[in-house]
Structure formats: structure tokens, C-alpha cells
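> Counting with the working numbering, you get residues 80 to 397 for the letters of the sequence shown. Here a beta-carbon is modelled for each residue, glycine too, at the ideal position from N, C-alpha and C. For reference, the structure I am asking about is given below.
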Amino acid sequence: MPNIETSTVLQQQAIEWILRLDSAACTPADRQAFADWLALGEDRRRIYQQLASRWNRLDRYKGRDFPVRRQALSYRAPHKRTRRLSKLALAASLLLGLGIATFSEYGWYGYPRHYAAERGSRQTVHLADGSRLELSGDTELNVRVNRWRRSVELIKGEAFFSVAHNPQQPFEVQAGHGSIVDIGTEFDVRLQNRQVAVAVLEGAVKIVTSGSREISANQVLAYDQRGDFLESQDKPATITAWLRGQLVFENRRLDEVLSELERFHDTRLSLADPNLAKLKVSGTFHIGNLDGALNVIAMTLPVNIQRPSPGQVILAGR
């Protein structure tokens, strides 16, 4: 492992290479020289990758006006390249330092991160503060953490939040036309059919839409696209059954059941007749057994299962 002095020199060289490779005047000879420099040791590759990652992360703020950034990005390969490059490398060093302090987690501005779980999959996201997010299938959300607050935008799907409570850094989830503010808790948020359902397992949350209400452990509250609150008959254990590998339905519409099953399988489920949508389904299904769930539905409802092509299932009336 290189000592501190050697690391500083390699960091300066890596910054110079970042600037040179980003230049419109970068030549094939420059790129070959860079490859030769990387080949001199794994420590060079490691330091370059770390700094290049930070540099690329800052590039998403290219529309913002930072004087140091303008100076660093103004590089063109002129005569007396070494002297010019060293000055720009110093500017870039300052920029990288500014970026770490400003845009990283717990920095002044923070930066958004996008997470997505595909159909039939799940994803766990660990935040630096100890909070944990569990994304169910076909779910997308954006996370932004900065010095003052932690915020999540649920774009679609469902996620479970286990939040490390911090009164100085509130945790807020934006979903549909409302927001859910943590008061130290574990809760689930599901965005489906333009409605949002919030289930609290521990602690409490405040839900703000057209009005404001608080719910605590073992309570469920929903709201529609206008922000109006809706009473829900679901129980928190029912809504969060997906965390245990199950889906539990109690007198749910068939189209809603199919929509939820779709999130956990790479199979399109549709109805041959829209009038079938209002049929009601009750039962407990294992997430990994789609055929079993469909067979139970076909046995308890007046429908037949059709498979016109791989990855496609149609439920038709009989």
C-alpha cells in the first residue's frame, strides 16, 4: 500500500489524467500513455477509479454555476500543457473536495439516487444512517439524503421502510399526492391503481395530503389521487406479507390481485373480459408459485386460465 506522500502524488496524477481524457483534444497517444500509467500498479487504478467516480458524479450538476467547475472543465490541451494542466488539476482537486462536502450523503445539498427492482425481484437498500429500504417487485424510487433531511420519492410499486429516527434529520416519503413523515417507525407504502396505502408496523407516521392525520402501530390508512383519505380494511400484517414470501388477499378485486401477482413474476396477466375485474378473491398465496395461485383462482372463480404465449396468461370467463 502506498504511503501518504505517494498517494498524494498519485491523486494529483490521476486528476491530471481525468482532465486530459475529458479534453476534446485528447489524442490516441494520450490514451495509450494513460494505459501505460495505469499498468504501473494496482494503486494507480484504484485511486483513478475513486476520483473518476467522484468526477462523474459531479457532472450531473453541469447546469449549476460553480466557478471552480468552470475553470476545471475549460481545459483544452494547449502549448505548455504541463504548467496549464497542473493549475487545472489544482482546481479539479478543489472541485472534488467541494463535491464530497456538498453533494455526498449528509452534505449541504446531497444528490439523488435512483433504485429499481424489476418484476419478480426484490432489492434491499441500506442508507448510511442505518435506515433500510426493502423494494418489492416492479418498484422504483428516488432517494436524496442531505444534511437536513432524508427524502424518498416512490414512483411506483411498494417499499418497506425501517427508519433510524433522527429529529434533526426528518425522513419523508413522497407517494402520489401526499407525503408520509416518519416519527420513528417501520412502515410500508404501496402505490397502486392511483391509490396509496400506508401500513405501520412499529412507531407512528404523519400522512399529509389534502389534510393531515397520524397513524400508529397496527394501523392502515389510504388516500386517493385527489389526496382524500380512504378507510382501509387491510391489516398491516396482510399488506406486509410479501416480506415473508406471501401475498394475502381478503375480498380483493380480481384485477387488483392480478396486478400484485404481476409485480413478483415476469408474466403478463390480463382479463379477456373487463367485467371479470370486479370478482373478489380471498386467500394466501406463495409469491414464488404463480401457477398455484392461478389454479386456486380458477377453482374458486368462474374463470379459465389461457396461455397464448410464453410469459402471457389470460383469464377468461367460463
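Per DSSP, what kind of secondary structure is Phe-250 in: helix, strand or coil?
Strand.
> Helix, strand or coil for Arg-228? Go by DSSP, reduced to three states.
Residue state, collapsed to three classes: coil.
> Give the DSSP bridge partners of Asn-221, in chain order.
Per DSSP, His-193, Glu-232.
> Nearest-angstrom Cα distance between Ser-230 and Ser-349?
So the alpha carbons of these two residues sit roughly 35 Å apart.
> Which same chain residues, not among the five before or five after Phe-364, have their C-beta less than 6 Å away from its C-beta?
Closer than 6 Å at Cβ, skipping near neighbours: Leu-326, Ala-372.
> Taking the C-alpha atoms as reference points, what is the distance between Glu-339 and Arg-110?
If you take the alpha carbons of Glu-339 and Arg-110, they lie about 50 Å apart.
> Classify Arg-331 as buried or exposed, calling it buried when 16 or more other Cβ atoms lie within 10 Å of its own Cβ.
By the neighbour-count rule (16 or more Cβ atoms within 10 Å), Arg-331 is buried.
> Asn-297 to Ser-311, Cα distance in whole Å?
Asn-297 and Ser-311: Cα-Cα distance of roughly 12 Å.
> Got a sec, what are the start and stop residues for the alpha helix (DSSP H) Val-275 sits in?
Premise fails: Val-275 lies in the beta strand (DSSP E), 274 to 281, not in any alpha helix (DSSP H).
> For Lys-235, which residues in the same chain have their Cβ closer than 8 Å to its Cβ, ignoring the five residues on either side in sequence?
Hits under 8 Å: Asp-217, Thr-218, Glu-219, Leu-270.
> Under a three-way DSSP split, which group does Val-327 fall into?
Of the three classes helix, strand and coil, the one that applies to Val-327 here is strand, per DSSP.
> Measure the Cβ-Cβ separation of Phe-250 and Ser-210 and say whether it is below 8 Å.
Closer than 8 Å, so yes.
> Could you give the residue range of the beta strand (DSSP E) that holds Ser-311?
Run containing Ser-311: none; DSSP gives neither H nor E here.
> Using a Cβ-Cβ cut-off of 7 Å (strictly less than) and excluding sequence neighbours within five positions of Leu-322, which residues of its own chain qualify?
For Leu-322, where only same-chain residues beyond five positions count, the Cβ hits under 7 Å are Glu-213, Phe-239.
> Less than 8 Å separating the beta-carbons of Gln-90 and Leu-130?
For Gln-90 and Leu-130, yes; Cβs fall inside 8 Å.
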